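A short worksheet on the structure shown next.
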Amino acid sequence: MLVQDLRRLTRGHRRWIAVAAGLSLLGSALGLAQPLLAGAAIDAAAGGRLPWAVFGALAGLFGAQAVAHATARYVQAYTGETMTRDLRRAVIDRLLRVRMPLLDHVRTGDVIARACGDTTVVKTLVAQSLGTGLAGVIALVAVVTLLAWLDLSLMLLVVALFAVSVGSLLAVVSRLRAASRTAQTAEGALSADLERALGGMRTVRACRAEPVESSRLGGSATRAYRANLRMAELVALSGPANDLAVSGAFLTVLLVGATRVASGETSLGRLVAFTLAMTYLSAPIYEIFQAVGAVQQGSGALHRINEVLAMPVERDHARAVVPLQRRPPVLEFRDVWFGYRPGRPVLRGLSFSVPERGHLALVGASGAGKSTIFALAERFYEPDRGTILLRGRDSRFIPYARHRATVGLVEQDCPLLAGTLRENLLYGCKDPAPDLAEVLAMTGLTAVVEALPAGLDTPVGERGSHLSGGQRQRVAIARCLLSRPDVLLLDEPTAHLDPDGERALAATMRSVAAVCALVVIAHRFSTVRAADRILVIDGGVVTDSGSHAELLRTNAYYRRLAGSGRAA
């Protein structure tokens, strides 16, 4: 599985990984030539000659090795950053298209951690294992071969000492993968808890819940701390084991080698060459175990990223057709059944149609299915049974983008993005400029724009905090109208408005209903009375319909709602 993940991850980047590995090998080869030249220089000096040519060659080898290793590190970094960028793009692209029912069950902070933190871990995997790991294996074989050629008995002694180090390192690495996954999961949970607290900061302050959130976040931070500390402990154990092996081998070679030189079994130059070559053992061994450790850590991150990349996305039907026929009704529900959970339907055979123009209001108790109707009309969800028609065509065979361009939605909290008013108005619009002044006038925003210090280029603040609730509502409506929808859905538009904002919005809705179909979930009867037609929703079906005056005469449930002054 990991091999398949790595092959998929490296697709399109293997050439640069090979270049980095080749440069690392070149540096190692240049390094291995140095002990041989140094040994020759020492033997020549012992004979009374100064080998200036050898000294020059050594200087050249040092410089070339430095250039090769520096270039290899840069190529590794470049490859890692490029692959991380591509991986993040893939994760972001997937998240932006994941089916809504799945997004309802994920924690935003954890998903952000996967897109940012986990991809950084994968970058380390690429930089430390895919190039240097392979080069380290080849370099290790080359060093051992050179040592065997210089002195076989000393080589066997050194290999035995390093084998003890390798065994201890393997015991550490085997635990590193599980520790890495635990640490990354803890980091994701911390991000999710922090996003939750910051997203509801006003509620936190108003409820004096700072100590509660501080305790919750402190607990998450502690769990992340413990998980990361455990992983750091395992990583830290690998260094001393390698260092002890190198130091022990170095001292052993000096002691045994000095005896062999004294007895005439080898020359001083050959012992120096062997000792220098032996020092090159630590680098490839370190690279190999660093690569193995990076793979163990990266495998956990790759697993979490693959979970995101495996999430199903919205896909247009194979028979999807872009053109829509210009015929009424613009939107129609036919015997639609839907439930968020199996066996618990919210809509139970609901049917109604939306005419070409005019104002249609939906009223009913909380939980009757009004918001669910909007979610289905916007194709955030698909019906379990029944059909939703757009311009007479089954919505399942209409591309998502075309469908949502035809059916605009303004949510209850009217989310605006940090940026200027112009950026928010033109968000998602391809060429709305010719209609901008007209839409501003239709939604009553012309005077608002003129009063702003920088007009359309005035920042609206985080979530539109520099605008009033009514202004945010009308900006959201204008944004939808700039896409020229055939039907506009307003979810409880007056729920948070004062009387002045409500009157301004009422004028906006009259203007909108004159140019396209307007469907409103209404809480206040001031909004309901203005509707051309009202649907009474109860138990997931339309129980009655008509004008305000007609329903007052014929529907007792509607009269009770009207008597309370609220439509839900």
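Just so we're aligned: 535 in our numbering is position 535 of the sequence shown, and the numbers increase by one with no gaps anywhere. Even glycine gets a Cβ: it sits at the ideal position worked out from N, Cα and C. Treat the numbers as computed from the prediction; the structure is a model and nothing was measured.
Buried versus exposed call for residue i [16 or more other C-beta atoms within 10 Å across all chains shown]
{"i": "proline 101", "result": "exposed"}
{"i": "valine 292", "result": "buried"}
{"i": "tryptophan 149", "result": "exposed"}
{"i": "histidine 359", "result": "buried"}
{"i": "tyrosine 577", "result": "This structure leaves residue 577 out entirely; the chain is present only between 1 and 568."}
{"i": "proline 345", "result": "buried"}
{"i": "arginine 11", "result": "exposed"}
{"i": "phenylalanine 62", "result": "exposed"}
{"i": "arginine 181", "result": "buried"}
{"i": "serine 395", "result": "buried"}
{"i": "threonine 554", "result": "exposed"}
{"i": "glutamine 4", "result": "exposed"}
{"i": "glycine 269", "result": "buried"}
{"i": "alanine 375", "result": "buried"}
{"i": "glycine 343", "result": "exposed"}
Short Cβ contact (8 Å threshold) for residue i with residue j
{"i": "cysteine 516", "j": "leucine 482", "result": "no"}
{"i": "threonine 108", "j": "alanine 192", "result": "yes"}
{"i": "alanine 361", "j": "valine 528", "result": "yes"}
{"i": "glutamine 412", "j": "glutamate 462", "result": "no"}
{"i": "leucine 23", "j": "methionine 83", "result": "no"}
{"i": "tyrosine 427", "j": "glutamate 314", "result": "no"}
{"i": "glutamate 288", "j": "leucine 140", "result": "The amino acid occupying residue 288 in the given sequence is isoleucine; glutamate does not appear at that position. Yes; because the gap between Cβ atoms is below 8 Å, this pair is in contact."}
{"i": "methionine 197", "j": "leucine 217", "result": "It is alanine, not methionine, that sits at residue 197 in the sequence shown. In this structure, leucine 217 lies closer than 8 Å to alanine 197 by Cβ."}
{"i": "alanine 478", "j": "threonine 443", "result": "yes"}
{"i": "glutamate 378", "j": "leucine 425", "result": "no"}
{"i": "glutamine 184", "j": "alanine 301", "result": "yes"}
{"i": "threonine 252", "j": "leucine 157", "result": "yes"}
{"i": "arginine 357", "j": "alanine 513", "result": "yes"}
{"i": "valine 261", "j": "leucine 254", "result": "no"}
{"i": "serine 526", "j": "glutamate 502", "result": "yes"}
{"i": "threonine 119", "j": "leucine 95", "result": "no"}
{"i": "leucine 551", "j": "aspartate 544", "result": "yes"}
{"i": "leucine 416", "j": "valine 448", "result": "no"}
Proximity winner among the options, relative to residue i (alpha-carbon distances)
{"i": "valine 363", "options": "Ala18, Ala531, Arg11", "result": "Ala531"}
{"i": "proline 355", "options": "Leu416, Ala70, Ile534", "result": "Ile534"}
{"i": "valine 336", "options": "Gly369, Thr119, Thr266", "result": "Gly369"}
{"i": "glycine 339", "options": "Ser353, Pro383, Val308", "result": "Pro383"}
{"i": "glutamate 307", "options": "Arg114, Arg11, Arg7, Asn555", "result": "Arg114"}
{"i": "phenylalanine 380", "options": "Asp86, Asp104, Thr71, Arg15", "result": "Asp104"}
{"i": "leucine 281", "options": "Arg226, Glu195, Ile138, Gln76", "result": "Ile138"}
{"i": "leucine 30", "options": "Arg11, Ile17, Trp16, Ala66", "result": "Ala66"}
{"i": "isoleucine 373", "options": "Leu271, Gly539, Ala476", "result": "Gly539"}
{"i": "arginine 393", "options": "Asp544, Val106, Phe333", "result": "Phe333"}
{"i": "leucine 26", "options": "Arg15, Gly56, Ala70", "result": "Ala70"}
{"i": "alanine 454", "options": "Leu421, Leu505, Ala549, Ser545", "result": "Leu421"}
{"i": "alanine 90", "options": "Ile388, Leu268, Met311, Leu505", "result": "Met311"}
{"i": "glutamate 265", "options": "Ile537, Asp151, Thr119, Thr79", "result": "Asp151"}
{"i": "valine 159", "options": "Met278, Ser468, Ala476, Ala562", "result": "Met278"}
{"i": "alanine 365", "options": "Glu438, Ile537, Ser351, Glu233", "result": "Ile537"}
{"i": "arginine 402", "options": "Pro485, Ile92, Ala441, Arg341", "result": "Pro485"}
{"i": "glutamate 81", "options": "Ala562, Val121, Ala163", "result": "Val121"}
{"i": "cysteine 480", "options": "Thr458, Thr508, Val460, Glu450", "result": "Thr508"}
{"i": "leucine 309", "options": "Ile92, Leu268, Val295, Ala135", "result": "Ile92"}
{"i": "tyrosine 78", "options": "Trp16, Gly136, Val106, Thr458", "result": "Trp16"}
Between the CA atoms of residue j and residue i - distance to the nearest angstrom
{"i": "tyrosine 570", "j": "serine 28", "result": "Here the chain has residues from 1 to 568 only, and residue 570 is not among them."}
{"i": "alanine 68", "j": "leucine 276", "result": "20 Å"}
{"i": "alanine 179", "j": "lysine 123", "result": "18 Å"}
{"i": "glycine 298", "j": "glycine 117", "result": "11 Å"}
{"i": "proline 328", "j": "threonine 406", "result": "13 Å"}
{"i": "arginine 510", "j": "valine 519", "result": "12 Å"}
{"i": "arginine 348", "j": "leucine 390", "result": "20 Å"}
{"i": "alanine 283", "j": "serine 220", "result": "38 Å"}
{"i": "alanine 20", "j": "arginine 474", "result": "56 Å"}
{"i": "leucine 154", "j": "glycine 257", "result": "8 Å"}
{"i": "alanine 18", "j": "glutamate 423", "result": "44 Å"}
{"i": "proline 211", "j": "arginine 524", "result": "37 Å"}
{"i": "histidine 317", "j": "phenylalanine 397", "result": "6 Å"}
{"i": "valine 98", "j": "phenylalanine 274", "result": "60 Å"}
{"i": "asparagine 228", "j": "arginine 404", "result": "44 Å"}
{"i": "serine 371", "j": "isoleucine 521", "result": "8 Å"}
{"i": "serine 263", "j": "phenylalanine 250", "result": "20 Å"}
{"i": "glutamine 76", "j": "alanine 64", "result": "18 Å"}
{"i": "alanine 209", "j": "valine 111", "result": "25 Å"}
{"i": "leucine 436", "j": "proline 499", "result": "27 Å"}
{"i": "alanine 232", "j": "serine 468", "result": "50 Å"}
{"i": "leucine 331", "j": "arginine 341", "result": "25 Å"}
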